[in-house]
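Quick mapping for you: the protein sequence lines, in order, are chains P and R. Note that the working numbering has the first sequence beginning at 690, numbered continuously upward. Note that the working numbering has the second sequence beginning at 1188, numbered continuously upward. Using N, Cα and C, we set each Cβ at its ideal position, and we do this for glycine too.
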Amino acid sequence: MSYGSTIKVPFGPQHPALKEPEHFLFKIDGDIIVNVKPRIGYNHRGIEKAFERRTYIQNIYLAERICGICSDAHTTCYVQAIEDLLGVEAPPRARYIRVIVAELERIHSHSLWLGIAAHEIGFDTLFMHLWRDREAVMDILELISGNRVHYAMNTIGGVRRDIVSETIPKVIGSLDFLEKRTKYYMKVLRSEPTVLKRTVDIGVLKPEDAVELCAVGPTLRASGVKNDVRRDDPYAAYDEIPFNIVTDDGCDVFSRILVRCGEILESINMIRYALDHMPSGMLRVRVPMVVKPGEAVSRVEAPRGELIHYVKSNGSTRPERYKVRSPTLANIPALCKMLIGQHVADIPIILAGIDPCFACMDRLVFVDVKTNKKKALDFESFRKIVRKRHELL
Amino acid sequence: MRLETFKPSHSSIKRETSKFLVKADEQPMNLLKWARIKSPWILHFNTGGCNGCDIELLAAFTPRFDVERFGILLQGSPRHADILAVTGPVTLQVRERLVRIYEQMPEPKYVLAVGSCACSGAPFKDCYNVVGGVDKVLPVDVYVPGCPPKPEAIIDGIVKLIQKIEGEEAYEKGR
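Structure follows, in structure tokens:
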């Protein structure tokens, strides 16, 4: 039913459904969304320019702080790009440890997301249960790396810490617990009417739209497209570890839930395999501080999808240019497509459905509107323009 | 315009809040104070952080750590909140929003800076789009450093803040 006139509903930057400051402007007709305009940029910190002002070793620390949830994916991507420039390769044991930490991170990120999704549909009991069980994987990560969120495992040329044999039985025990619980949650999610009513046929993204709008990660896989950087362009030890790409043909929020649950189970199996088949040997190779001139692109399958880092070196100890393309940015056009035609009450769960991480996402580019030309600027000009705009100069 | 009129200094805020502080012989206000200490509600606002502190703050509300057993509740609206828990360095874009959210909160209000970025700006201090720590914009009552702080540390910060509120009352009683 159409009311013939539309009203605008602002959403954010501070909103209970958004954990981060971003703004969406919805145009609604009655209860139906007819248009959505994302206004991104509240989280923009200028991290790419910060990369250019630090040395390669300091940048590992900074790359980790691009995002707190997929911090390991960002450092893996960063060190791979630099290793590519240097022409070195991490030792086999280091590559296995990278896989184990990356998959543990995927489990933590997906169970975190499942909790948030349950919270967005008003099912707080499930949220609390999921987050209680998530502590098991946080404990493993703390055991292995010494920290719950920023693991600081990767370094250029390998990893910084070993997974010692005493910790392995503990890790396996926790994984068994997680597997049991995840299977139980899958059973609950498939049969619980509260979940089904709020997620089935909500936020539909057709496969052709998903491909056309360049969706990535679980959002794309939930539309039935088999796409995974771990399989398409293997890095670390992913070419040696068997795994399935989890897809679902539902194309809605419910299939995104199922895909993520399936990925948790896949990750558990991958970690078990990697722990069994981990080769012995050294953890890192020594690398020079100075990186020779050149460019490199590195791709990693972060929990949210394909993550791309680009680095350009001019032969000094600092990168000349650094670029991060995070999976959430790739998913924003698909998100806008999903939202159109949906009810206002479904906004939170559809927004949460792509697992947004706005901290990774906010980049900035200067475009001259009259000539439609992009401008490349250095740190000082950026600083001047931004400070002038905010009347700080 | 709003930013110009707002002067973030501890002393000015203190003076403003002291109007609301309890005199020992005033019964209804004592009740308010009691309620505030027993059950402070928290508003969480990310001012441009990396999500690390956010998930740890949220983890503090979930069964393993469970600050809800102290009557502390995570709130969605600034109008219902007593404590503003800020995570992340304050970006220029979000600065005005942060002040507006702070203005919408009812008096007396307290600010908890969670994480190194909220305390000082940490690795983003020199970025062109970052103002710095929260204390550059708002008066901060308790700092919880760490990158990110563990949920236990956040709980400790909240408990310290409650002690601070109690302390104010004790201070007023003694006068």
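Which same chain residues end up closer than 7 angstroms to residue i when comparing Cβ atoms and leaving out the 5 residues on each side of it in sequence?
i, result
"Glu753(P)", "Ser760, His763, Thr764, His839 and Ala841"
"Glu955(P)", "Phe932, Asn933 and Val935"
"Pro1227(R)", "Ile1259, Asp1269, Ile1270 and Ile1349"
"Asp773(P)", "Ala985 and Ser987"
"Val1254(R)", "Ala1247, Phe1248, Ile1342 and Ile1345"
"Leu801(P)", "Ile758 and Arg823"
"Arg870(P)", "Asp822"
"Glu1353(R)", "Ile1224"
"Arg849(P)", "Ala841 and Met842"
Excluding five sequence neighbours on each side, which residues of the same chain lie with their C-beta closer than 6 angstroms to the C-beta of residue i?
i, result
"Asp922(P)", "Arg988"
"Asn916(P)", "Leu909"
"Val1273(R)", "Phe1232, Thr1234, Ala1300, Ala1305 and Val1321"
"Met1027(P)", "Gly892, Leu894 and Ile1039"
"Met959(P)", "Glu792, Ile930 and Phe932"
"Val884(P)", "Leu878"
"Asp1035(P)", "Ile891"
"Gly1333(R)", "Ala1340"
"Val698(P)", "Phe715 and Ile717"
"Ala911(P)", "Asp937, Ser944, Arg945 and Val948"
"Lys1347(R)", "Val1329"
"Arg1010(P)", "Lys1001"
Classify residue i as buried or exposed, calling it buried when 16 or more other Cβ atoms lie within 10 Å of its own Cβ.
i, result
"Phe866(P)", "exposed"
"His1032(P)", "exposed"
"Pro1037(P)", "buried"
"Gln703(P)", "buried"
"Ala1041(P)", "buried"
"Pro1008(P)", "buried"
"Gly1030(P)", "exposed"
"Arg945(P)", "buried"
"His1106(P)", "Absent from the model: residue 1106(P). The displayed extent of chain P is 690 to 1082, so no value can be given."
"Pro844(P)", "Checking the sequence, you will find Thr at residue 844(P) rather than Pro. Buried, since its Cβ has 16 or more Cβ neighbours within 10 Å."
"Val1222(R)", "According to the sequence provided, residue 1222(R) is Ala. The question's Val does not apply to it. Exposed."
"Lys708(P)", "buried"
"Ile722(P)", "buried"
"Ala1065(P)", "exposed"
"Val980(P)", "buried"
"Val889(P)", "exposed"
"Gly693(P)", "exposed"
"Tyr873(P)", "exposed"
"Gly1308(R)", "buried"
"Ile696(P)", "exposed"
Who are residue i's beta bridge partners in DSSP?
i, result
"Asn724(P)", "Lys716(P)"
"Ile997(P)", "Arg988(P) and Arg1014(P)"
"Gln1262(R)", "Leu1230(R)"
"Asn843(P)", "Val848(P)"
"Asp1057(P)", "Lys1062(P)"
"Phe700(P)", "Phe713(P)"
"Arg1117(P)", "Lying before the first or after the last residue shown, residue 1117(P) is absent from chain P, which here runs from 690 to 1082."
"Ser1005(P)", "Ser1005(P) is not bridged to any residue."
"Gly811(P)", "None; Gly811(P) has no bridge partner."
"Gly1319(R)", "Val1277(R)"
"Gly1329(R)", "The sequence given here places Val at residue 1329(R); Gly does not occur at that position. Bridge partners of Val1329(R): Leu1299(R)."
Report yes or no: is there a C-beta of chain C within less than 9 angstroms of the C-beta of residue i?
i, result
"Ser1002(P)", "Here chain C cannot be found, since the structure's protein chains are P and R."
Near residue i, what residues of its chain come up, given a Cβ to Cβ distance below 8 angstroms and the 5 sequence neighbours on each side ignored?
i, result
"Val978(P)", "In the sequence as presented, Val is not what sits at residue 978(P); that position holds Met. Once the five neighbours on either side are set aside, the close Cβ partners of Met978(P) are Thr744, Tyr745, Ile746 and Thr1006."
"Val826(P)", "Leu793, Ile796, His797, Ser800, Ser863 and Leu867"
"Cys1237(R)", "Gly1275 and Cys1304"
"Ser1264(R)", "Leu1230"
"Glu952(P)", "Arg795, His799, Pro907 and Val935"
For the structure I just gave you, are there three or more beta carbon pairs, one from the region 934-942 of chain P and one from the region 1047-1056 of chain P, closer than 8 angstroms?
no
With contact counted as at least three CB pairs below 8 angstroms, one residue from each stretch, are the region 1292-1304 of chain R and the region 1328-1341 of chain R in contact?
yes
Listed in chain order, which residues of the region 1278-1306 of chain R have Cβ atoms closer than 7 angstroms to some Cβ of chain P?
Thr1278, Leu1279, Gln1280, Val1281, Arg1284 and Ile1288
Contact list for the region 1244-1257 of chain R against chain P, Cβ threshold 8 angstroms:
Leu1245, Ala1246, Thr1249, Pro1250 and Arg1251
Could you tell me whether the region 1276-1295 of chain R touches the region 1339-1349 of chain R, using the rule of 3 or more Cβ pairs below 8 angstroms?
no
Compile a chain-ordered list of the residues in the region 785-818 of chain P whose CB is closer than 7 angstroms to at least one CB of chain R.
Leu801 and Met817
Is it a yes or a no for the region 982-1001 of chain P touching the region 805-815 of chain P, going by three-plus beta-carbon pairs under 8 angstroms?
no
Counting beta carbon pairs with one atom in the region 712-723 of chain P and one in the region 964-974 of chain P, are three or more of them shorter than 8 angstroms?
no
Interface positions of the region 1221-1242 of chain R facing chain P (Cβ-Cβ less than 9 angstroms), listed along the chain:
Leu1230, His1231, Phe1232, Asn1233, Thr1234, Gly1235, Gly1236, Cys1237, Asn1238, Gly1239, Cys1240, Asp1241 and Ile1242
If you measure beta-carbon to beta-carbon, which residues of the region 1309-1324 of chain R are closer than 9 angstroms to chain P?
Ala1309, Pro1310, Phe1311, Asp1313, Cys1314, Tyr1315, Asn1316, Val1317 and Val1318
Three CB pairs or more closer than 8 angstroms across the region 772-790 of chain P and the region 1010-1018 of chain P:
no
Where the region 1328-1343 of chain R meets chain P: residues whose CB sits under 8 angstroms from a CB there
Cys1334, Pro1335 and Lys1337
Indicate whether the contact test is met: 3 or more Cβ pairs, each with one atom in the region 847-857 of chain P and one in the region 1285-1292 of chain R, closer than 8 angstroms.
no
Taking beta-carbon pairs under 9 angstroms, can you tell me which members of the region 1015-1047 of chain P lie near chain R?
Within the region 1015-1047 of chain P, Cys1046 and Phe1047 place their CB atoms closer than 9 angstroms to a CB of chain R, listed in sequence order.
Could you list the residues in the region 750-780 of chain P with a C-beta less than 8 angstroms from some C-beta on chain R, going in chain order?
Tyr750, Leu751, Arg754, Ile755, Cys756, Gly757, Ile758 and Ser760
If contact means a Cβ-Cβ distance below 8 angstroms, which residues of the region 728-748 of chain P contact chain R?
Going along the region 728-748 of chain P in chain order, one finds Gly730, Tyr731, Asn732, His733, Arg734, Gly735, Ile736, Lys738, Ala739 and Arg742 with a Cβ nearer than 8 angstroms to chain R.
Mind checking the region 698-714 of chain P against chain R and listing, in chain order, the residues whose C-beta falls within less than 7 angstroms of any C-beta there?
Pro702, Gln703, Pro705, Lys708, Glu709 and Pro710
Taking a Cβ distance cut-off of 9 angstroms, strictly less, list which residues of the region 856-867 of chain P are near chain R, in chain order.
Going along the region 856-867 of chain P in chain order, one finds no residue with a Cβ nearer than 9 angstroms to chain R.
Determine which residues of the region 825-847 of chain P have a Cβ less than 7 angstroms from any Cβ of chain R, and write them out in chain order.
Arg837, Val838 and His839
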